[in-house]
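K.L.:
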Amino acid sequence: MFKQKLLRFLLSAILFYLVFLTIKPLLSGGYYPMHDDIHPMRVLQMDKCVRDFQFPCRWVPDMGYGYGYPQFNYYAPLPYYAMEAIHLLGFTILGSIKIYLIFLTFLSVWGMYKAGSKFWNNKTAGYVSAIFYTYLPYKAVNLYVRGALSEYTAQALIPITLYYVLCITNNGKKQNVLKLTIALSALFLSHNISALFVIPYLAAIVVWKLKTLSTSDRITIIKNLSFAFAGSLILSAFFLLPAFLERGLVHAGTLTSNYFDFRGHFLSIFQILFSNSWGYGSSVYGENDQIMLGIGLIFWFFPLMAVLLSMKKRGNLKKLILLNLLAWASLFLTHIRSSFIWEGIPLMEYIQFPWRFNLFAGIFFCIAVGYFGVLKIVNNIKYFLLTVLVVLLLLFNGSFFQPDHWSDISDSEKLSGGNWDLAQTVSINDYLPIDTSLSPAKKASDRPVVLSGSVDFVSFEKGTDWQRWKVNVSGDAVVSAEIFYFPNWVIYVDKKKVDYDYKSYNGVITLGLPAGRYEVILKLNDTPIRIIGNMITLIGTPLFLALYFKKSHFLK
12 MFKQKLLRFL
22 LSAILFYLVF
32 LTIKPLLSGG
42 YYPMHDDIHP
52 MRVLQMDKCV
62 RDFQFPCRWV
72 PDMGYGYGYP
82 QFNYYAPLPY
92 YAMEAIHLLG
102 FTILGSIKIY
112 LIFLTFLSVW
122 GMYKAGSKFW
132 NNKTAGYVSA
142 IFYTYLPYKA
152 VNLYVRGALS
162 EYTAQALIPI
172 TLYYVLCITN
182 NGKKQNVLKL
192 TIALSALFLS
202 HNISALFVIP
212 YLAAIVVWKL
222 KTLSTSDRIT
232 IIKNLSFAFA
242 GSLILSAFFL
252 LPAFLERGLV
262 HAGTLTSNYF
272 DFRGHFLSIF
282 QILFSNSWGY
292 GSSVYGENDQ
302 IMLGIGLIFW
312 FFPLMAVLLS
322 MKKRGNLKKL
332 ILLNLLAWAS
342 LFLTHIRSSF
352 IWEGIPLMEY
362 IQFPWRFNLF
372 AGIFFCIAVG
382 YFGVLKIVNN
392 IKYFLLTVLV
402 VLLLLFNGSF
412 FQPDHWSDIS
422 DSEKLSGGNW
432 DLAQTVSIND
442 YLPIDTSLSP
452 AKKASDRPVV
462 LSGSVDFVSF
472 EKGTDWQRWK
482 VNVSGDAVVS
492 AEIFYFPNWV
502 IYVDKKKVDY
512 DYKSYNGVIT
522 LGLPAGRYEV
532 ILKLNDTPIR
542 IIGNMITLIG
552 TPLFLALYFK
562 KSHFLK
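Read in order, the letters of the sequence shown correspond to residues 12 to 567 in the working numbering.
1. What did DSSP end up calling serine 463 once you bin it into helix, strand or coil?
2. According to DSSP, is aspartate 502 part of a helix, a strand, or is it coil?
3. For arginine 541, which residues does DSSP report across the bridge?
4. So, for arginine 157: in the same chain, excluding its five sequence neighbours on each side, which residues have a beta-carbon less than 7 Å away from its beta-carbon?
5. Using the C-alpha atoms, what's the distance from isoleucine 502 back to aspartate 508?
6. Going by Cα to Cα distance, which pick from Ala338, Tyr144, Pro90 is closest to valine 209?
7. Quick check on the DSSP output: what are the complete alpha helix (DSSP H) runs of length 4 or more inside the region 40-77, in order along the chain?
8. Kindly list the residues whose CB is nearer than 7 Å to the CB of isoleucine 97, restricted to its own chain and excluding five residues on each side of it in sequence; keep chain order.
9. Mapping DSSP to helix, strand and coil, what is asparagine 299?
10. Measuring only the C-alpha atoms, how far is threonine 103 from serine 421?
11. How many angstroms separate the CA atom of glycine 551 from the CA atom of tyrosine 76?
12. When DSSP labels each residue in this structure, what does glycine 290 get in the three-state scheme?
13. Just list the residues that DSSP pairs tyrosine 92 with in beta bridges.
14. Kindly indicate which residue of Glu530, Lys134, Ile245, Val61 has the alpha-carbon position closest to the one of leucine 549.
15. Can you tell which of Ser225, Ile232, Trp311 has its C-alpha closest to the C-alpha of leucine 336?
16. Around the C-beta of threonine 223, are 16 or more other C-beta atoms found within 10 angstroms, so that it is buried, or is it exposed?
17. Between which residues of its own chain and asparagine 408 is the CB-CB distance below 6 Å, once the five residues before and five after are set aside?
18. Quick one: any contact between the region 84-93 and the region 249-257, if contact means 3 or more CB pairs under 8 Å?
19. Throw me the rounded Cβ distance for the alanine 488 and leucine 524 pair, which I believe falls under 8 Å.
20. Using CA coordinates, which residue listed in Phe364, Trp431, Asp467, Ser427 is at the minimum distance from serine 205?
21. Can you give the beta carbon distance from tryptophan 353 to serine 294, rounded, assuming they're within the 8 Å contact cut?
22. Can you give me the C-alpha to C-alpha distance between phenylalanine 375 and valine 318, rounded to a whole angstrom?
23. Note the first and the last residue of the continuous beta strand (DSSP E) segment covering isoleucine 520.
24. By the DSSP assignment, the beta strand (DSSP E) with valine 489 in it spans what residues?
25. Output the distance between the C-alpha atoms of tryptophan 289 and lysine 387, rounded to the nearest integer angstrom.
26. Going by beta carbon distance, what residues of the same chain come within less than 6 Å of phenylalanine 497, once the five residues before and after it are set aside?
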């Protein structure tokens, strides 16, 4: 018993140190360059929403070149709520982002440890899987090159989700249902594309587990899993419903065309399996990517070695075959030979980059490597072998976990001047309202603009999704609110709802006013779809919890 505790302590210490090495650069002051260098701006917009009591946050006022657009009506918001919570504790915006990334890194490793331990029913296997997952190249790509914060969140949440699925299929305990519900809803609210495409993988695991169970146990497990899945949809309905049903209200086509067309981003076999060439460039058409987008040699080699070593253990062999099949199927989807699948499933175009399936391949390969923790050989030989694996990981991938360079920059510098202009316009076309032409030609004014007539602004206030003016109008006038139209912006003049124009000025809301004194209020109201989504979450969540805690035969 003492030896086992000592071993776990040593393995935990080694794992912690190895994880620490990967996040050590994040402990520095300042910030670092990344492809998706928009997170400080998004956190700032979320901060403005929270302080303005716009909840759930949908409209961000400073994006879209200052005209605003519905960023969080379509872009999964949970990571930004989390970073805003850290920011509200007193940390800077840049500091909040780095703290969140550090948290995700440890969470991802913990999740892989739990998933590996549960899958192999062996804690040493969990440590092995976690160590490998720590140094997965695609994690380094998302953390230090792409800065794909939402996808990095998915890399932390998917192993945890898998762990709770395994818990339910192993024993069906009721408490795991709620945990799976929370994990799945967090995934939907963090990276909805990953959440959608992880479902077939989870289903494959479940089907494999159910094969050996009795009919009554199968029914119980299916009930529990279905209940958890339904609960996750309820918790995330406020976001999912508008995100999918209101896609026609924005220029969503820019997300899947030109550079983001998946057809230009398939990998060669050499890139997928053998390349270990690191870089901080971009994915480009063809095979000249200046970035490592493959899985890495050792991450597929050792799972195959595990299959060969397990030939005498039929149970473990079947497990390894399942994991390898799931991982290799994922790698196949990164190669152009899989294009018929991409063309046949329309939703896949929103993945944009086929190499994103490295996310799933990496998870299943890392769990497969956990087999070396249960390998029945002399302990001294086993731990020598594990030491060799760790050394190989560090030699091959240790240098990947650092940024290209580091900048000594503050929040105010990052969000002002040229950086501010860039933040307002980067990815500007992704969520522009449909009535607006792509890439507006000029920056919005900070205040309403008088297009014709004479208007004296006695007072002017604005928040994230509202404006209030008090004006004296000398004659017929037309005023631009400097806000892009999006359903349901409404305008009240002296508390009476009035019509306005937006089609004549490239989707910018304009209001005609005759001579007089007025109080003008603009407010973005929810559409019926958003209201329904909000109500499903608001009412459905307590109902779900009531049913969950009710002593019934539904959950066991």
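Every residue gets a Cβ at the ideal spot worked out from N, C-alpha and C, and that includes glycine. Just so you know, these numbers come straight off a predicted model, no measurement behind them.
P.N.:
So, to answer that:
1. Serine 463: strand per DSSP, three-state reduction.
2. Reading the sequence as shown, one finds isoleucine at residue 502 and not aspartate. DSSP places isoleucine 502 in strand when its eight states are reduced to three.
3. Partner(s): none; arginine 541 has no beta bridge.
4. Closer than 7 Å at the Cβ level, and outside the excluded window around arginine 157, lie Met45, His46, Asp47.
5. Rather than aspartate, the amino acid found at residue 508 in this sequence is lysine. The straight-line gap from Cα to Cα measures roughly 6 Å.
6. The shortest C-alpha separation from valine 209 is found at Ala338.
7. 50-62, all fully within the region 40-77.
8. Cβ neighbours of isoleucine 97 beyond the five flanking positions: Ser107, Ile110, Tyr111.
9. Correct three-state label for asparagine 299: coil.
10. Going from the Cα of threonine 103 to the Cα of serine 421 covers about 8 Å.
11. Answer to the nearest angstrom: the Cα atoms are 37 Å apart.
12. It is coil, neither helix nor strand.
13. Its beta-bridge partners do not exist; DSSP assigns none.
14. For the residues Glu530, Lys134, Ile245, Val61, the minimum Cα distance to leucine 549 belongs to Ile245.
15. Out of Ser225, Ile232, Trp311, the CA that lies nearest to the CA of leucine 336 is found in Trp311.
16. Classification of threonine 223: exposed, given that the 10 Å Cβ count is below 16.
17. Tyr146, Pro148, listed in sequence order.
18. Contact holds: three or more Cβ-Cβ distances are below 8 Å.
19. Correct: roughly 5 Å between the Cβ atoms.
20. Nearest of Phe364, Trp431, Asp467, Ser427 to serine 205, Cα basis: Phe364.
21. Their Cβ separation, rounded to whole angstroms, is 16 Å, which puts tryptophan 353 and serine 294 out of contact at 8 Å.
22. Rounded to the nearest angstrom, the two C-alpha atoms are 13 Å apart.
23. It spans 519-524 - the beta strand (DSSP E) in which isoleucine 520 sits, taken as one unbroken run.
24. Valine 489: member of the beta strand (DSSP E) spanning 488-495, first to last residue.
25. The alpha-carbon separation between tryptophan 289 and lysine 387 amounts to approximately 36 Å.
26. Cβ neighbours of phenylalanine 497 beyond the five flanking positions: Pro81, Pro444.
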